[in-house]
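If you read the protein sequences in the order shown, they are chains A and B. Take any residue in the first sequence, note its place counting from 1, add 371, and you have its number in the working numbering. Take any residue in the second sequence, note its place counting from 1, add 371, and you have its number in the working numbering.
Protein chains: 2
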Amino acid sequence: MTDVALKPALSLTSALAAAAADIEKALDRLLPPAIGPEARLMEAMRYASLSGGKRLRPFLVLEAAGIFDVQRACAIRAATAVECVHCYSLVHDDLPAMDDDDLRRGKPTVHKAFDEATAVLAGDALLTFAFELLAAPETHDDPRVRLELVALLAQASGPHGMVGGQMADLAAESAEADFDLGAITRMQKMKTGALIQAAAEAGAILGKASQEARAALRAYAHDLGLAFQIADDLLDVEGRIEDTGKAVAKDAARGKATFVSILGVERARAQAERLVDQAIAHLALFGSRADRLSALARYVIERKS
Amino acid sequence: MTDVALKPALSLTSALAAAAADIEKALDRLLPPAIGPEARLMEAMRYASLSGGKRLRPFLVLEAAGIFDVQRACAIRAATAVECVHCYSLVHDDLPAMDDDDLRRGKPTVHKAFDEATAVLAGDALLTFAFELLAAPETHDDPRVRLELVALLAQASGPHGMVGGQMADLAAESAEADFDLGAITRMQKMKTGALIQAAAEAGAILGKASQEARAALRAYAHDLGLAFQIADDLLDVEGRIEDTGKAVAKDAARGKATFVSILGVERARAQAERLVDQAIAHLALFGSRADRLSALARYVIERKS
């Protein structure tokens with residue numbers, strides 16, 4: 372590869388880092404301070420959300436909003452709300468009654484660092500706080516825009532979106548359900564896809580984009596979300612194949628159906644690549660303004676973690 | 372007592388029953404049907420919310436909205452959203468990691484009837500669904516009104532409201548915290564008071580009431596909420612005093628500070644009565660339109676369950 376070919380990747384890397392830094396700062400500024408007898412709640416909210424991560428969803432909000440020249444401060448608030456919803460879902464997913472994970476990003480999960488009751492409440496509080504953030508005048512001067520963001524986020528994370536997908540995922544783990552490719556795809560679209568889609572669409576809403584532009588971003592994020600999930604499944608399996616001693620192959624160990632267990636490694640990888648091409652094709656109408664979103668789509672299937 | 376004196380109480384009883392029936396019907400109609408691999412989630416949402424209860428909060432929305440001649444259908448949607456938030460809080464409060472209750476209203480709690488993971492997710496889904504309901508056009512034709520309802524409910528149930536109060540309550544149970552009357556009052560205002568206040572205020576928002584009227588309803592609900600909680604504490608202790616063999620005196624058994632443990636029965640009762648008088652005084656500007664809200668205030672400290 373030449374330097375020129377590397378350029379978009381480099382600018383993606385720095386844009387990702389800049390977005391992550393902005394979101395970290397915004398969370399720190401916007402989340403309630405830890406005061407009073409309920410301080411433990413705020414500490415747990417901060418612990419759950421200020422612990423880094425790729426900040427993929429906020430990045431999508433910021434990049435999509437950037438296409439329409441949305442004020443960065445507004446986009447950051449909306450992006451922060453989306454990230455709060457993502458973080459809440461991780462806190463609850465990690466609970467002993469759910470995935471029962473002790474570690475996340477190398478740190479003890481919230482119920483380990485605090486306790487289960489605090490983890491339940493901190494998740495609840497992050498979810499609620501996301502709607503409070505979106506509804507506040509600082510997010511956008513047009514109340515219709517704020518209301519649309521609220522509706523979008525509620526739908527994406529509600530029973531027909533993320534929470535429904537999480538329930539379907541639990542059903543997939545149980546012996547009763549027999550998940551084929553269609554069922555897995557549907558489940559993943561709900562569990563992880565809906566919020567990824569909402570993130571990109573939030574940028575379009577903030578920018579009062581045309582229905583056409585909004586649909587294009589939605590279609591892009593739809594394909595991106597599925598590619599992202601297939602890449603996750605591939606990483607899970609490749610960890611096992613390389614047999615590093617650290618790899619967990621958690622899904623395979625649980626006997627859980629994934630894209631890879633159904634399609635096999637080769638077809639899964641081909642499918643992810645096809646989805647990425649398709650995602651990028653949806654961005655055509657934005658020209659070079661969407662270069663980083665294109666680069667992001669390539670990145671999600673090339674990443675190593 | 373004469374028939375005349377009994378009349379407001381009678382009409383309160385039938386209004387409460389009518390509101391409860393309307394909310395039950397609305398929940399059944401509005402909650403998503405149980406379909407697909409995630410059907411268990413919807414079943415649990417329905418189980419958690421269609422199990423009766425006093426429906427005090429929806430009643431407050433409906434009665435407050437009634438003062439301003441709000442369309443009943445709009446008020447019912449907003450009232451249903453408030454009840455969804457209340458039901459979510461009960462599902463999570465009952466979890467083993469929280470209050471660890473096996474029964475609610477004589478029925479197995481959600482994590483007993485289903486399982487813990489489903490209870491966590493059903494609570495999450497009910498909370499999210501409340502915001503989806505409020506944001507939808509059917510709730511009010513003015514998007515500003517819907518947005519105000521979203522902001523109100525998010526604040527009332529977030530870290531500075533219900534969830535914060537729940538965390539403070541857990542702190543009160545632990546040995547570390549020493550709760551005096553001021554701290555208990557503050558905690559209860561957050562844990563139960565904030566949502567009760569939001570319910571009454573939602574009626575004013577739906578009716579585009581003046582700031583004066585809105586403040587009056589907020590002040591009424593503030594006093595009502597505290598009186599309601601003191602009455603709860605009294606019921607807990609009186610169960611023990613009567614020694615029926617069924618009484619639990621749960622708070623006392625846990626060594627938990629309550630209004631009654633700090634004030635004693637007599638002063639607590641006097642305080643509740645003072646709060647009810649005060650609550651009713653705030654309704655003066657509404658004249659006979661608020662008769663049932665006055666009757667409700669009397670009712671909360673006279674009830675036997």
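Beta carbons: idealized from backbone N, C-alpha and C, even for Gly. Bear in mind that the values here come from a model prediction, so they are computed numbers and not experimental data.
Within chain B, P403, E409, L412, M413, M416, A496, T499 and F500 have C-beta atoms less than 8 Å from the C-beta of A/P530, given in sequence order.
The C-beta separation of B/M538 from A/E409 comes to about 4 Å, placing the pair in contact by the 8 Å criterion. Chain B has no Cβ within less than 8 Å of the Cβ of A/P479.
Judged by DSSP secondary structure, B/H463 falls within the alpha helix (DSSP H) whose first and last residues are R443 to D465. Taking all protein chains shown into account, B/R426 has 16 or more neighbouring C-beta atoms within 10 Å of its C-beta and is therefore buried. With distances taken between CA atoms, B/I394 lies nearest to B/G423 out of B/H593, B/L383 and B/G423. In summary, A/S460 is buried, with 16 or more beta-carbon neighbours lying within 10 Å of its beta-carbon over all protein chains present.
Chain A places a beta carbon closer than 8 Å to that of B/G535, counting this residue as a contact.
Residue B/A419 holds the alpha-carbon nearest to the alpha-carbon of B/A496 among B/P479, B/A419 and B/D470. Under the 8 Å criterion on CB atoms, A/Q526 is classed as interfacial with respect to chain B. For B/S632, the uninterrupted alpha helix (DSSP H) segment begins and ends at F630 to L634.
Beyond the five residues adjoining it in sequence on each side, B/L523 comes within less than 7 Å, by CB distance, of A569, E572, A573 and I576 in the same chain, given in chain order. The residues M413, in chain order, have a CB closer than 8 Å to that of A/P404 in the same chain once the five nearest residues on each side in sequence are set aside. With a beta-carbon spacing of about 5 Å, B/E544 and B/K627 fall inside the 8 Å limit used to define contacts. Residues of chain A whose Cβ lies closer than 7 Å to the Cβ of B/P514 are, in chain order, P514, R515 and L518. Ranking A/G529, A/G578 and A/K562 by CA distance to the CA of A/H511 puts A/G578 first. Checking the DSSP bridge columns, you'll see B/K478 partnered with B/R475.
Burial check for B/I406: the Cβ neighbour count within 10 Å stays below 16, so the residue is exposed. The beta carbon of B/R660 sits closer than 6 Å to those of I438, all from its chain and outside the five residues before and after it, given in chain order. When A/L634, A/P530 and A/D662 are compared, the shortest CA-CA separation from B/T489 is found for A/P530.
Contact with chain A is absent for B/E509, since none of that chain's Cβ atoms lies less than 8 Å from the residue's Cβ.
Residues of the region 557 to 585 of chain A that bring their beta carbon within less than 9 Å of a beta carbon in chain B comprise R557, M558 and M561, in sequence order. The Cβ atoms of A/V453 and A/R428 sit closer than 8 Å to each other. Judged by DSSP in its simplified three-state form, B/A468 adopts coil rather than helix or strand. Measuring C-alpha to C-alpha distances from B/Q526 to each of A/L504, A/D473 and A/F599 identifies A/L504 as the nearest. Counting every other CB atom within 10 Å of its CB across the protein chains shown gives B/Q559 a total of 16 or more, marking it as buried. When the five nearest sequence neighbours on each side are left out, the beta carbons in the same chain lying within less than 8 Å of the beta carbon of A/T563 are those of M533, G536, G596, F599 and Q600, in order along the chain. If you look at A/R669, you'll find it in the alpha helix (DSSP H) that goes D662 to E673.
By the criterion of a C-beta distance shorter than 8 Å, B/L520 is surrounded in its chain by A449, A452, L505, T510, H511, A573, I576 and L577, once the five residues flanking it on both sides are discounted. Chain order gives the chain A residues near B/L541 as A488, where near means a beta carbon separation below 7 Å. Secondary structure note for A/M413: its alpha helix (DSSP H) is the uninterrupted segment A410 to S420.
For A/D604, the CB contacts under 6 Å within the same chain, skipping 5 residues up- and downstream, are T629, F630 and V631 in chain order. At a beta-carbon threshold of 7 Å, the residues of chain B lying near A/H463 are V491 and D495, ordered along the chain. DSSP places A/S528 within a helical segment (H, G or I) once states are collapsed to three.
The beta carbon of B/E503 falls within 8 Å of a beta carbon belonging to chain A, placing the residue at that interface. Across the structure, A/F430 and A/C445 are spaced so that their CA atoms are roughly 13 Å apart.
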